[in-house]
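Residue numbers (the working numbering), protein chains in the order written: chain P, 2 to 231; chain W, 62 to 308.
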Ligand SMILES: Nc1ncnc2c1ncn2[C@@H]1O[C@H](COP(=O)(O)OP(=O)(O)O)[C@@H](O)[C@H]1O
Ligand SMILES: [Mg+2]
């Protein structure tokens, strides 16, 4: 037990967690951007671009992330592109995530009432302005909960990066154990770090959801007006 | 009548969905300052007609011209709107993530690039006009249906449209809220706003309309000056009006 605490607060584990956190957040941000672009293309792009987006999603959702990761790590050097293992992992995780985020964002875009676009059009907003000021802000609120799930999923998927020798939390735990055979202690410490990160993500997403909720925003302004009191 | 300037003209337009014709040979002249009311039972094609006038729908034949210019893009697809024609919807369609003031200011700011302070001043004046000056900071969900519709009217007016189309603006409202919305519309038409209004409020139509169009099954049965239509001896028009006035 004391070993677990020792590992948990050791600088080796803290550094490894920092790496896992970076890997997760960078991959997720890039994945969200990619997913948004794919969703916008699928939502209103020209037909050939829509087909390409569909093919992309089909490819990246239809094959294992682990395969994609190993592919990026081993094939890019053959093409003369040598990148750090960490960068390879970010590329693979982000490319994969974009395919999933595309479907989530597309669902969110479709969840915004058609009448909103009609109203914006009649007010003279062009399609880009309508997207920016009317549709996307409402989409954001719709996609936040599933995106939170994806973020937590990404945290755990990021452990796959250990197979291409990224010194993340899992690889650090394994390496420590292979030196002293204390698998219980090292893996438990790693589990604690993952759980702490998951909890932080969950709370952060919840806080963001509350921030975007007009109900809560209105209450902050001190105008709790119900239909009856108006 | 002839001295008035023609604003919008629909010349024998037809619209079909798949193979069914929902609007056939629809013609209408809207003169500046006039109030036109479209009457007809549900499914008659009133909304479709209004959406064609708004340029929201392609037409299969005929033309819509606004101030003498053809209104649809080359291939008959709806063109980008400029805000010159405003529209008020049955379901209000306010932007739920924006406050009342932001709803009204969005288009003048982003489309016309007008100065923030000037836009807000004008929005406040418009809110005053529809009796909602106190609700500038509220979100749509905090308002009653009648209040939301009055905000929607103010939002349309903020672009200083030359014509406002109303599609059953009170049909989603309880009677007590219907009254306040009709009151605002009455005041606007009295001030000379040009409008085309789809409504089932027959008393309102009789009181405010300059021109009445009665539609059934995608066709215009009869149209003319309000007093002529209300005194019409046309059998179908008579039957519809008698029923509506009795109801
Ligand atoms: N998008 C659509 N696709 C197919 N049919 C439609 C569509 N919109 C309206 N219609 C049909 O067109 C007819 C006229 O509809 P509408 O213009 O909404 O009538 P109104 O507004 O007078 O009630 C109806 O029969 C309706 O079912
Ligand atoms: Mg209708």
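Even glycine gets a Cβ: it sits at the ideal position worked out from N, Cα and C.
Closer than 7 Å at the beta carbon, the chain W residues around residue i
i: residue 140 of chain P; result: None at all; the shortest Cβ gap to chain W is about 10 Å.
Any non-hydrogen atom of ligand 3 closer than 7 Å to residue i Cβ
i: residue 228 of chain W; result: Absence of ligand 3 from the depicted structure is noted, with ligand 1 and ligand 2 being the only ligands included.
Exposure label - residue i; buried when at least 16 CB within 10 Å
i: residue 155 of chain P; result: buried
i: residue 47 of chain P; result: exposed
i: residue 184 of chain P; result: exposed
i: residue 225 of chain P; result: No answer about residue 225 of chain P holds up, because its pLDDT of 44 lies below 50 and its placement is not dependable.
i: residue 130 of chain W; result: exposed
i: residue 230 of chain P; result: Note that residue 230 of chain P has pLDDT 37, beneath the 50 cutoff, so the model's placement of it is unreliable and the number below is only indicative. Classification for residue 230 of chain P: exposed.
i: residue 182 of chain P; result: exposed
i: residue 304 of chain W; result: exposed
i: residue 66 of chain W; result: exposed
i: residue 217 of chain P; result: exposed
i: residue 63 of chain P; result: exposed
i: residue 177 of chain W; result: exposed
i: residue 60 of chain P; result: exposed
Simplified DSSP assignment, three categories, for residue i
i: residue 221 of chain W; result: coil
i: residue 227 of chain P; result: Unreliable positioning characterises residue 227 of chain P in this predicted model, as indicated by a pLDDT of 40, which lies under 50. The coordinate reading is nonetheless provided below. In the structure shown, residue 227 of chain P sits in coil (DSSP, three-state: anything other than H, G, I, E or B).
i: residue 284 of chain W; result: strand
i: residue 229 of chain W; result: coil
i: residue 10 of chain P; result: coil
i: residue 62 of chain W; result: Any reading at residue 62 of chain W needs caution, since the residue's pLDDT is 47, under 50, leaving its predicted position unreliable; the model's value is listed next. In this structure, residue 62 of chain W counts as coil in the three-state DSSP scheme.
i: residue 130 of chain W; result: strand
i: residue 259 of chain W; result: strand
i: residue 90 of chain W; result: strand
i: residue 277 of chain W; result: strand
i: residue 72 of chain W; result: strand
i: residue 81 of chain W; result: strand
i: residue 83 of chain P; result: coil
i: residue 173 of chain W; result: coil
i: residue 147 of chain W; result: strand
i: residue 253 of chain W; result: coil
Proximal residues of chain W, C-beta to C-beta of residue i below 8 Å
i: residue 116 of chain P; result: 150, 152 and 154
i: residue 123 of chain P; result: 115, 117, 142, 144, 146, 147, 148 and 217
i: residue 119 of chain P; result: 117, 148, 150 and 154
8 Å Cβ cutoff met for residue i and residue j
i: residue 111 of chain W; j: residue 224 of chain W; result: no
i: residue 275 of chain W; j: residue 284 of chain W; result: yes
i: residue 151 of chain P; j: residue 195 of chain P; result: no
i: residue 21 of chain P; j: residue 190 of chain P; result: no
i: residue 229 of chain W; j: residue 151 of chain W; result: yes
i: residue 106 of chain W; j: residue 279 of chain W; result: yes
i: residue 35 of chain P; j: residue 99 of chain P; result: yes
i: residue 297 of chain W; j: residue 269 of chain W; result: no
i: residue 165 of chain W; j: residue 215 of chain W; result: yes
i: residue 163 of chain P; j: residue 24 of chain P; result: no
i: residue 95 of chain P; j: residue 28 of chain P; result: yes
i: residue 170 of chain P; j: residue 67 of chain P; result: no
i: residue 187 of chain P; j: residue 177 of chain P; result: yes
Residue from the options whose Cα sits closest to the Cα of residue i
i: residue 111 of chain P; options: P:127, P:77, P:34 and P:45; result: P:45
i: residue 69 of chain W; options: W:250, W:184 and W:97; result: W:97
i: residue 208 of chain P; options: P:166, P:149, P:180 and P:176; result: P:149
i: residue 51 of chain P; options: P:61, P:38, P:5 and P:87; result: P:38
i: residue 35 of chain W; options: W:172, W:171 and W:197; result: Outside the shown range of chain W (62 to 308) lies residue 35 of chain W, about which nothing can therefore be said.
i: residue 143 of chain W; options: P:67, P:82 and P:119; result: P:119
i: residue 286 of chain W; options: W:89, W:160, W:168 and W:71; result: W:89
i: residue 85 of chain W; options: W:207, W:72, W:145 and W:192; result: W:72
i: residue 15 of chain P; options: P:218, P:211 and P:192; result: P:192
i: residue 153 of chain P; options: P:203, P:91 and P:107; result: P:203
i: residue 142 of chain P; options: P:78, P:89 and P:214; result: P:214
i: residue 168 of chain P; options: P:135, P:89, P:57 and P:117; result: P:89
Per-residue contacts from residue i into chain P (C-beta, under 8 Å)
i: residue 171 of chain W; result: 126, 130 and 134
i: residue 99 of chain W; result: Per Cβ cutoff of 8 Å: no residues; residue 99 of chain W is ~17 Å from chain P at best.
i: residue 309 of chain W; result: This structure leaves residue 309 of chain W out entirely; chain W is present only between 62 and 308.
i: residue 78 of chain W; result: Those do not exist, as residue 78 of chain W stays about 16 Å from chain P at its closest Cβ, beyond 8 Å.
i: residue 157 of chain W; result: 139 and 215
i: residue 301 of chain W; result: Near residue 301 of chain W there are no residues of chain P at all, since even the closest Cβ is about 28 Å away, more than 8 Å.
Chain C within 8 Å of residue i, Cβ atoms only
i: residue 261 of chain W; result: The displayed structure is made up of protein chains P and W, and chain C is not among them.
Chain P contact residues for residue i, given Cβ-Cβ distances below 7 Å
i: residue 220 of chain W; result: 124 and 125
i: residue 168 of chain W; result: 124, 125 and 126
i: residue 265 of chain W; result: Neighbours of residue 265 of chain W on chain P: none; closest Cβ ~23 Å, over 7 Å.
Chain W contact residues for residue i, given Cβ-Cβ distances below 9 Å
i: residue 217 of chain P; result: Result: empty, since nearest Cβ-Cβ is about 11 Å, beyond 9 Å.
Proximal residues of chain P, C-beta to C-beta of residue i below 9 Å
i: residue 54 of chain W; result: Since the displayed chain W opens at 62 and closes at 308, residue 54 of chain W lies outside it and no answer follows.
i: residue 275 of chain W; result: By Cβ distance, chain P contributes nothing, its closest Cβ being about 26 Å from residue 275 of chain W, past 9 Å.
i: residue 227 of chain W; result: The premise fails here: residue 227 of chain W is roughly 12 Å from chain P at the closest Cβ pair, so nothing lies under 9 Å.
i: residue 295 of chain W; result: Simply none; closest approach about 33 Å.
i: residue 238 of chain W; result: Those do not exist, as residue 238 of chain W stays about 11 Å from chain P at its closest Cβ, beyond 9 Å.
i: residue 291 of chain W; result: What residue 291 of chain W touches in chain P: nothing, since even the nearest Cβ is about 31 Å away.
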